[in-house]
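What the sequence shown shows, in my numbering, is residues 384 to 583, in sequence order. Scroll down for the structure; my scribbles are underneath it.
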Amino acid sequence: MTLKMHGPQTAAEVGRRQGITAEAARQQLLRLHEEGLLLEERRSAGRGRPAIYWHLSEKAQARFPDTHAALTVDLLRSISEVLGPAALERIIAERESATLRQYRSALADCEGTRDRLDRLAALRSAEGYMAQIEEAEDGSLRLIENHCPICAAARTCQGFCRSEKAIFQSVLGAGTLIERDEHIVNGGRRCTYVIRDLGA
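Here's what the structure looks like:
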């Protein structure tokens, strides 16, 4: 908390603020550094060895409260109330178009449904969805998203879920049939999509 409140500090400064010795503070800082929570920065202060200043890593920053989900929900409600539901749908449609362009570009060199699905799962995982592909005994494929990083927004506005399914259908092509059979927003543990190749 000291580094969050006061920025980069030496072990001696941390010790003074916490009422402990510089050595005790240094041991705490080294332990946090080993856990990936702190980064060190050496600053020259003229003669002698550079002083080591400790500051929070991104991993540590992520442990502090982040109300972006609540802010997103508030913004969605405000857009709908102030500008009307049609404006919110236009915003979702624009997001859908941008995502579709990105995915189409990333999948341009893929051959076949499985290849496209594997690439799509990698893209979704990079976005935080923890996606994977499974093949069923009947030959159908399943796109599984074990996490929804936009769940708060999706619970507020189902347009995001509709848009997601439309994006998948578009990038996988008219030769595939996509059905959602698990849905986090409806109480499922994950979102899953069954994909069948209509040409098979």
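Even for Gly, the Cβ is constructed at its ideal location relative to N, Cα and C. In this text the structure is predicted, and so the values were computed from the model without any measurement.
Within its chain, find whatever has a CB closer than 7 Å to the CB of residue i; leave out the 5 residues flanking it on each side and keep chain order.
i: arginine 497; result: Leu524
i: glutamate 464; result: none
i: glutamate 547; result: none
i: phenylalanine 543; result: Ile475, Ile533, Ala536 and Ala537
i: glycine 419; result: Ser440 and Lys442
i: serine 508; result: Ala514
i: aspartate 580; result: Thr496, Gly558 and Thr559
i: histidine 530; result: Gly511, Tyr512 and Met513
i: leucine 386; result: Gln392, Trp437, His438 and Leu439
i: alanine 519; result: Arg525
Would you list the residues sitting across from residue i in a DSSP beta bridge?
i: alanine 434; result: Arg426
i: glutamate 477; result: According to DSSP, which records beta bridges pairwise, glutamate 477 is partnered with nothing at all.
i: threonine 575; result: Ile527 and Glu565
i: glutamine 392; result: Trp437
Check residue i in the structure and name its three-state DSSP category.
i: isoleucine 403; result: coil
i: leucine 420; result: coil
i: leucine 581; result: coil
i: glutamine 541; result: coil
i: threonine 559; result: strand
i: isoleucine 533; result: coil
i: glycine 398; result: helix
On the premise that residue j lies in contact with residue i, defined as a C-beta separation below 8 Å, what is that separation, rounded to the nearest angstrom?
i: histidine 416; j: glutamate 423; result: 7 Å
i: leucine 421; j: leucine 439; result: 6 Å
i: alanine 504; j: isoleucine 516; result: 5 Å
i: isoleucine 550; j: glutamate 479; result: 6 Å
i: tyrosine 436; j: proline 391; result: 4 Å
i: alanine 394; j: arginine 409; result: 4 Å
i: alanine 491; j: leucine 506; result: Incorrect: roughly 13 Å between the Cβ atoms, too far for contact.
For residue i, which residues from the same chain have a beta carbon less than 8 Å from its beta carbon, with the 5 sequence-adjacent residues on both sides left out?
i: glutamine 552; result: Thr559 and Ile561
i: threonine 404; result: Gly398
i: glutamine 541; result: Val568
i: alanine 428; result: Ala434
Apart from the five residues on each side of it in sequence, which residues of its chain come closer than 6 Å, Cβ to Cβ, to residue i?
i: threonine 539; result: Val456 and Leu459
i: threonine 482; result: Ile550
i: aspartate 564; result: Thr575 and Val577
i: cysteine 493; result: Arg499 and Arg502
Nearer than 7 Å: is that true of the beta carbon of residue i relative to any heavy atom of the ligand COA?
i: glycine 390; result: Absence of the ligand COA is noted for the structure shown, with no ligands found whatsoever.
Review point. Could you give the uninterrupted runs of the beta strand (DSSP E) lying entirely in the region 442-530, keeping only those of 3 residues or more?
Key: 514-518 and 524-528
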